Amino acid sequence: MFYSSTRSPDSHYIRPARRGKHKIFIGMAPGVGKTYKMLEEAHQLKQEGIDVVIGILETHGRKETALKAEVLEVIARKSIIKENIKLQEMDTEAILERSPQLVLIDELAHTNIPGSEREKRYQDVEEILASGIDVYSTVNIQHLESLNDLVARITGIVVRERIPDRVLDEADEVVVIDVTPETLEERLLEGKIYAADKIEQSLENFFQRRNLIALRELALREVADTVEEEANTSITTGQVYNIHERVLVCVSIYPNSLQLLRRGARLANYMNAPLYTVFVADTERFLTKQESLHIDTCEKLCREFGGEFLHVKSSNVPKEIAQVAATHHITQIVIGESQQPKWKRFIKGSFTQRLMDLIRDKKIDLHIIATEK
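The numbering of the sequence shown is the working numbering, which starts it at 6 and goes up by one.
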């Protein structure tokens with residue numbers, strides 16, 4: 006919950022000396038119900054005595070959304086004359102002067118009219134938060150800066166209005182509003198998202214089924230990443246929570262390392278998981294030129310697969326691999342069948358067994374791949 010105190014409409018509210026809290030409602034596409042859900046929660050808070058206002062709301066002609074907003078106070082938009090045309094924008098200064106406990110701000114990625122005090126709406130939100138006012142806002146996943154190229158590849162559309170990833174990272178709460186692609190298509194056909202003349206064009210472009218499936222996964226994964234990071238930074242028990250799969254391939258100076266890397270990359274691809282590769286250089290010996298070239302080849306192949314290559318030094322290889330796995334929250338480790346001579350395994354113990362002992366309580370799966378000697 007954002008609030009622990011209530012006030013009557015006529016009482017004098019003293020702004021607490023803190024930064025406002027930011028809750029973002031995120032979805033895969035227009036029409037999933039972000040704004041409606043934001044309004045629903047605002048109604049509940051208003052009934053509890055919280056001073057709620059609408060800073061800006063874009064209904065896009067959706068009757069249900071407009072009806073939901075009717076009983077809430079709306080801060081009037083400011084008018085801006087641009088090339089003899091009267092345009093309207095959210096009035097940030099009026100919101101600051103009104104100083105509510107909570108303000109609702111739609112379409113976080115919106116670009117303000119040229120000449121406005123701030124270029125982007127998210128910058129207005131940061132100004133409001135800095136004054137101690139809490140904000141509920143909405144945004145679609147395709148507006149996230151780091152996903153811009155990926156979204157363009159998926160949809161064929163370059164999204165011009167974007168927000169930095171840090172806006173999502175710094176939010177106090179991120180809620181994904183999720184519906185199935187089938188439900189969204191039904192809403193579109195029923196005229197609940199766009200006017201009738203735009204429906205066919207939307208279905209042929211942005212609202213294609215394959216686009217919606219991919220965007221939905223992006224939205225769900227983004228929020229899952231945020232939840233996992235919050236869990237791992239807030240826990241005090243030392244336990245780490247892994248929501249996503251993460252694959253670690255352990256390469257060595259042996260030629261079978263390339264085979265392991267390809268196998269690990271396929272595993273990561275099946276699981277839609279990040280790929281990591283680690284080479285642990287033994288501190289007790291130097292690599293030959295041929296061995297160094299082989300490790301360079303492994304690193305190049307790892308990067309071609311979109312993975313991250315880790316080159317570390319240690320005289321205790323299993324211990325170092327276990328440490329890398331813990332640091333990067335690995336859930337799957339890929340190793341090759343032991344190449345150690347029998348006498349060395351007898352003296353030092355099996356490499357595989359030593360690694361298994363170290364990761365036994367970490368909920369990590371170990372894949373031992375049989376390769377050519």
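Beta carbons are placed, not taken as given, at the ideal position from N, Cα and C, and that holds for glycine.
On a predicted model such as this, the values are computed, not experimentally measured, just so you know.
CA-CA distance, T357 to V283, rounds to 16 angstroms.
By the criterion of a C-beta distance shorter than 6 angstroms, V37 is surrounded in its chain by I182 and V184, once the five residues flanking it on both sides are discounted. K91 sits in a strand when the DSSP states are folded into three classes. Comparing alpha carbon positions, the residue from G32, M33, L298 and E222 closest to S262 is L298. Between I168 and V252, the alpha-carbon positions lie close to 30 angstroms from each other.
With fewer than 16 other CB atoms across the displayed protein chains lying within 10 angstroms of its CB, P260 is exposed. Excluding five sequence positions before and after E124, the CB atoms of its chain that fall closer than 8 angstroms to its own CB belong to T116 and N117, given in chain order.
In this structure, the CA atom of G312 is about 21 angstroms from the CA atom of E296. When the alpha-carbon of I162 is set against those of G137, F212 and E132, the nearest one is in F212. Comparing C-alpha distances from T160 to each of H148, D170 and R171 shows the shortest one belongs to H148. About 13 angstroms separates the beta carbon of V179 from that of V140, a gap too long to meet the 8 angstroms contact definition.
C-alpha of G32 to C-alpha of T143: approximately 8 angstroms in a straight line. Minimum Cα-Cα distance from H48 among the listed residues P186, A273 and T70 corresponds to T70. Look at F212 here: in three-state DSSP terms it is coil, with no helix or strand label. When only Cα atoms are considered, I364 and A327 end up about 6 angstroms apart.
Residues of the same chain with a CB within less than 7 angstroms of the CB of P323, apart from the 5 flanking positions on each side, are F356, R359, L360 and L363 in chain order.
DSSP places F356 in the uninterrupted alpha helix (DSSP H) bounded by F356 to I364.
Between the alpha carbons of E46 and D129 lies a distance of about 22 angstroms.
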